Amino acid sequence: MEKTLGELASWIAGELHGDAQLKITGVAGLEEARHTEISFVVGPKYVRKAHESRAGALIVPPGLRDIERPFIVSDNPYLAFAKILKLFSHKPRVPLGVSPKANIGENVQMGDEPSIHPLVFVGDNTVLGDRVTLHAGVYVGAGVQIGDDTLIYPNVTVLDRCIIGKRVIIHSGTVVGGDGFGFAPDGHSYFKIPQVGIVQIDDDVEIGANCTIDRATMGKTWIQRGVKIDNLVQVAHNVVLGENTIIIAQVGISGSTVVGKNVILAGQVGVTGHLEIGDNVRVGAQSGIAKSIPPGQSVSGSPAIAHRDWLKNCHIISRLPELRRTIRDLEKRVAELEQALDS
Amino acid sequence: MEKTLGELASWIAGELHGDAQLKITGVAGLEEARHTEISFVVGPKYVRKAHESRAGALIVPPGLRDIERPFIVSDNPYLAFAKILKLFSHKPRVPLGVSPKANIGENVQMGDEPSIHPLVFVGDNTVLGDRVTLHAGVYVGAGVQIGDDTLIYPNVTVLDRCIIGKRVIIHSGTVVGGDGFGFAPDGHSYFKIPQVGIVQIDDDVEIGANCTIDRATMGKTWIQRGVKIDNLVQVAHNVVLGENTIIIAQVGISGSTVVGKNVILAGQVGVTGHLEIGDNVRVGAQSGIAKSIPPGQSVSGSPAIAHRDWLKNCHIISRLPELRRTIRDLEKRVAELEQALDS
Amino acid sequence: MEKTLGELASWIAGELHGDAQLKITGVAGLEEARHTEISFVVGPKYVRKAHESRAGALIVPPGLRDIERPFIVSDNPYLAFAKILKLFSHKPRVPLGVSPKANIGENVQMGDEPSIHPLVFVGDNTVLGDRVTLHAGVYVGAGVQIGDDTLIYPNVTVLDRCIIGKRVIIHSGTVVGGDGFGFAPDGHSYFKIPQVGIVQIDDDVEIGANCTIDRATMGKTWIQRGVKIDNLVQVAHNVVLGENTIIIAQVGISGSTVVGKNVILAGQVGVTGHLEIGDNVRVGAQSGIAKSIPPGQSVSGSPAIAHRDWLKNCHIISRLPELRRTIRDLEKRVAELEQALDS
Chain A
1299 MEKTLGELAS
1309 WIAGELHGDA
1319 QLKITGVAGL
1329 EEARHTEISF
1339 VVGPKYVRKA
1349 HESRAGALIV
1359 PPGLRDIERP
1369 FIVSDNPYLA
1379 FAKILKLFSH
1389 KPRVPLGVSP
1399 KANIGENVQM
1409 GDEPSIHPLV
1419 FVGDNTVLGD
1429 RVTLHAGVYV
1439 GAGVQIGDDT
1449 LIYPNVTVLD
1459 RCIIGKRVII
1469 HSGTVVGGDG
1479 FGFAPDGHSY
1489 FKIPQVGIVQ
1499 IDDDVEIGAN
1509 CTIDRATMGK
1519 TWIQRGVKID
1529 NLVQVAHNVV
1539 LGENTIIIAQ
1549 VGISGSTVVG
1559 KNVILAGQVG
1569 VTGHLEIGDN
1579 VRVGAQSGIA
1589 KSIPPGQSVS
1599 GSPAIAHRDW
1609 LKNCHIISRL
1619 PELRRTIRDL
1629 EKRVAELEQA
1639 LDS
Chain B
1299 MEKTLGELAS
1309 WIAGELHGDA
1319 QLKITGVAGL
1329 EEARHTEISF
1339 VVGPKYVRKA
1349 HESRAGALIV
1359 PPGLRDIERP
1369 FIVSDNPYLA
1379 FAKILKLFSH
1389 KPRVPLGVSP
1399 KANIGENVQM
1409 GDEPSIHPLV
1419 FVGDNTVLGD
1429 RVTLHAGVYV
1439 GAGVQIGDDT
1449 LIYPNVTVLD
1459 RCIIGKRVII
1469 HSGTVVGGDG
1479 FGFAPDGHSY
1489 FKIPQVGIVQ
1499 IDDDVEIGAN
1509 CTIDRATMGK
1519 TWIQRGVKID
1529 NLVQVAHNVV
1539 LGENTIIIAQ
1549 VGISGSTVVG
1559 KNVILAGQVG
1569 VTGHLEIGDN
1579 VRVGAQSGIA
1589 KSIPPGQSVS
1599 GSPAIAHRDW
1609 LKNCHIISRL
1619 PELRRTIRDL
1629 EKRVAELEQA
1639 LDS
Chain C
1299 MEKTLGELAS
1309 WIAGELHGDA
1319 QLKITGVAGL
1329 EEARHTEISF
1339 VVGPKYVRKA
1349 HESRAGALIV
1359 PPGLRDIERP
1369 FIVSDNPYLA
1379 FAKILKLFSH
1389 KPRVPLGVSP
1399 KANIGENVQM
1409 GDEPSIHPLV
1419 FVGDNTVLGD
1429 RVTLHAGVYV
1439 GAGVQIGDDT
1449 LIYPNVTVLD
1459 RCIIGKRVII
1469 HSGTVVGGDG
1479 FGFAPDGHSY
1489 FKIPQVGIVQ
1499 IDDDVEIGAN
1509 CTIDRATMGK
1519 TWIQRGVKID
1529 NLVQVAHNVV
1539 LGENTIIIAQ
1549 VGISGSTVVG
1559 KNVILAGQVG
1569 VTGHLEIGDN
1579 VRVGAQSGIA
1589 KSIPPGQSVS
1599 GSPAIAHRDW
1609 LKNCHIISRL
1619 PELRRTIRDL
1629 EKRVAELEQA
1639 LDS
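The listed protein sequences correspond, in order, to chains A, B and C.
Going by my numbering, the first sequence opens with residue 1299, and the numbers climb by one from there.
Going by my numbering, the second sequence opens with residue 1299, and the numbers climb by one from there.
Going by my numbering, the third sequence opens with residue 1299, and the numbers climb by one from there.
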């Protein structure tokens, strides 16, 4: 594929400086880019690398102009890069139809232009929207609803009655709608609490590989519009994740916790059950959240505290031996003072 | 489905107060319940919510009587709720038989009333008990034994020679009997130690989604009766989990560790190898266990200490900056005292 | 199977003491071994157990001779044990051919002596080396390359264009080549950054069950020769893992981090993105790595510090209440001194 620099500038709505007819064959990082490729500079920190780069053109933020080659100014060079990468890598979807080697249940409603690969299982009474793709090894239970343009990678499991929106992407190995972990102690062992709820995943959600999104005990576990979940994440029964929230790999969220909008939980965070995490909260990697968090706070640590305080504490902890020496020294000096005063 | 309040009272062996003929159509939480549904109050903390609830009847603990509607007194309202939920949600199992699209090996012993779905693989010489359910995408290796009434969800893998008891439930994506992680350094790289043991899972065990239960190097990895394991849990080779032990999501237990009965490991706990965790031990979320723990103890933290001490330490750590100020202040005051005494 | 002690001694290149004709039927741990089996002693710590063992012969390190039965001296008894275990447990591979129930795409190059089981999916233009084994439920995408003697367990997913070397072992449920987690904020939601790179796995790598190895945004995520990865490990886009590095269960490594050779990351470690972890680094369990680490260091804690310092800090933290009491006592004594001096 080949685009002119002018085409790229209008694709990202950027301000072009240089030859609009320059041919660009691809996009790459500053170090990898060749002279027919475009690269990008997210900020002043990368100016030196930009000068050393062999890229034929650059996307730069406003203010960065001394670049010695054609460039496009963009308010958000990273986003512009993503859009150009999409332009160059896009392959039109060619619907496969329904493979005769797929197992389709009774009374399944199939939308237009499906791609249902071999070795797929779809249960009875399930409703698939238009342009749904189910790769080989995908299991979709009975009574499931899947919206238009949703893409499900190989070996994903979606269990009975779950509801999945439009333009959702689910990566391989993820399990949607497994039983929530609920057992009532009866004195000597445990009685399984039936998990009769569902999982509802709204439009434009993306879920990584080998995640587990449990169905609700009653009602629904609810992943709201635009949520992005990385790999190996655990979402327990009746959890709610608010719009555009970001969950990094290996996070675990316990039952009935409600997470707000635009929250970021960094990798390996653990959240206790029945909490409320407010909108725009940011939680540092490996933190342990055992209390609800008001909107807008940044917290870190296990148990988590305000991020600023956590940084201070980490600093002090790294100097605890020194602090202990100071205390021992003080003890000695105070004892000497006491003795001096006594005599 | 519809039950009378009297039927429900005898189903949970509770003491009925009110109209035995009242029709109940379902069970729900206090906030969701409608006037034909029953709800439950686990303790005095929920009395206000109970008063506000539209539920037509309530299950309450002994002593809570001022409820202004029909109620059933139960010593364990949570268990009673679970039992009624089971009553209302129960669907009789309809055996599917063996799908012609399942791949069944040679010399497989099939029990009565099987449900072997399409796209299942069962290896040679495997023995399946009565009323076993294997959903689509399940892989069962060669020489495996699976007990009566065991239910295996889609895309589970059970590898060769593993032994699974009766009434076991295994959720999607879980791998039983992968190789333990064993390598002997030979000076420049690693020699793979064959993992020739098995996994044995006893009766009434439930294992969540996307767990990994490794086979033993020699002998067996052993999950004993009644153990309940949440999602994304790692159980390494030769681990033993004692009866009715509870393992919450994302816990990892290293090789050859022996966990006692009725233990609770909360979410994201890590346990080093070759340890003994005594009966009735409780471990707080995200703790790191590097030493054996005597029976009955509650521990938390990484490295873990007695839970009570951990709470104290967390409190002190959250005030470390204050403590440091105090120390600096003391240094100054002691220096002044020394100077005063000198002069 | 039956071997003579003499055969075993030459198999492990050890020094035989005792009857070379002694028949040995297997290998087992000191406690489990029967009188026709051989066991092993890794060091002086196990001498008592060795004396109590019923094993008919022992592998011992140099210097341990007072063993009261035939023995073989080996510089590395653990490695010798692994080699003998392999000798006794080895089963010759019998190629299955290509099952008619496997789904093989167009233009697939199949090597000699394949074992392609039922319910396998192989995409178009994929190249399989000689003696490749793909178990039931394995998904291999289009344009994938898999080297000679590679073994892929059931329900593994390898997505388009990934490259896998020779003698690689991938355990069940693992996903190779899922999209990296990359989203560019556009002010109100997130724009998906296409992940157009691949995963390259070099020769002699072993990857555990239910791991996730993401494809690169551009370029490759690269697992180099001899790396061994345990279960449930997350390797993000563009990560490089150097030769013979060991990653224990539930570790997560964020995007673009480069890990050197012979590194050991213990269980549940988390590593931030864009770091460099030098050769021979050792990281303690549950540590959080937020800064690059020079070669050869041992670190622990979250955030991680030198392992030695971490041990000291843990000791002090476990005595924080005592330290606080000392400080309070000092405050009182200093106040008394001040008063005494005042008066």
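All C-beta atoms, glycine included, are put in the ideal place defined by N, C-alpha and C.
Since the structure is predicted, the reported quantities are computational estimates derived from the model, not experimental observations.
Residue j beta carbon less than 8 Å from that of residue i
i	j	result
B/Leu-1609	B/Val-1581	no
A/Ile-1444	A/Gly-1475	no
C/Gly-1409	C/Arg-1391	no
C/Gly-1565	B/Gly-1478	no
C/Val-1406	C/Thr-1431	no
B/Tyr-1573	B/Gln-1548	Reading off the sequence, residue 1573 of chain B comes out as Leu, not Tyr. Cβ atoms of B/Leu-1573 and B/Gln-1548: not closer than 8 Å.
A/Ser-1337	A/Leu-1306	no
A/Gly-1550	A/Gln-1522	no
C/Ile-1402	C/Glu-1313	no
B/Asn-1542	B/Val-1525	yes
B/Leu-1426	B/Pro-1416	no
A/Asn-1442	A/Val-1454	As written in the sequence, residue 1442 of chain A is Val, which differs from the Asn given in the question. Contact flag unset, no.
A/Gly-1571	A/Ala-1514	no
A/Thr-1519	A/Asn-1536	yes
C/Lys-1464	C/Asp-1501	yes
Reference residue i, options the options, closest by Cα
i	options	result
C/Gly-1276	C/Thr-1323, C/Ile-1365 and C/Arg-1332	With chain C running from 1299 to 1641 in the structure shown, residue 1276 of chain C is simply not present.
B/Phe-1386	B/Pro-1393, B/Thr-1302 and B/Ala-1583	B/Thr-1302
B/Thr-1323	B/Gln-1637, B/Met-1299, B/Lys-1490 and B/Val-1556	B/Met-1299
A/Gly-1576	A/Ala-1583, A/Leu-1449, A/Gly-1586 and A/Thr-1555	A/Thr-1555
C/Gly-1395	C/Lys-1589, C/Glu-1636 and C/Val-1418	C/Val-1418
C/Gly-1327	B/Ala-1440, B/Val-1494, B/Pro-1398 and B/Val-1345	B/Val-1494
B/Thr-1545	B/Gly-1517, B/Ala-1514 and B/Glu-1504	Before going further, note that residue 1545 of chain B is Ile rather than Thr in the sequence given. Of the listed residues, the one whose Cα sits closest to B/Ile-1545 is B/Glu-1504.
C/Tyr-1488	A/Arg-1332, A/Ala-1348 and A/Lys-1381	A/Lys-1381
8 Å Cβ cut-off: residues of chain F touching residue i
i	result
C/Arg-1622	Any reference to chain F falls outside this structure, whose protein chains are A, B and C.
Buried versus exposed, by CB contacts within 10 Å (16 or more), residue i
i	result
B/Arg-1626	exposed
B/Leu-1377	buried
B/Arg-1623	exposed
C/Leu-1618	buried
C/His-1469	buried
C/Gln-1319	exposed
C/Arg-1647	With chain C running from 1299 to 1641 in the structure shown, residue 1647 of chain C is simply not present.
B/Ala-1583	buried
B/Arg-1421	At residue 1421 of chain B the sequence reads Gly, which differs from the Arg that was named. By the neighbour-count rule (16 or more Cβ atoms within 10 Å), B/Gly-1421 is buried.
C/Pro-1368	buried
B/Ala-1633	exposed
Neighbour flag for residue i against chain B, beta carbons, 8 Å
i	result
C/Val-1632	yes
C/Pro-1398	no
A/Ile-1603	yes
CB contact below 8 Å: residue i versus chain A
i	result
B/Glu-1335	no
B/Glu-1330	yes
B/Pro-1342	no
C/Gln-1532	yes
C/Thr-1570	yes
Short CB-CB distance (under 8 Å) between residue i and chain C
i	result
B/Leu-1628	yes
B/Tyr-1437	yes
A/Gly-1312	no
B/Thr-1424	no
Residues within the stretch 1491-1504 of chain C neighbouring chain B, beta-carbon criterion of under 9 Å:
Asp-1502 and Glu-1504
Quick one, which residues of the stretch 1466-1485 of chain A are near chain C if we go by CB-CB under 7 Å, in chain order?
His-1469, Ser-1470 and Gly-1471
Can you list, in chain order, the residues of the stretch 1516-1548 of chain A whose Cβ is nearer than 9 Å to any Cβ on chain C?
Arg-1523, Gly-1524, Lys-1526, Ile-1527, Asp-1528, Asn-1529, Leu-1530, Glu-1541, Asn-1542, Ile-1544, Ile-1546, Ala-1547 and Gln-1548
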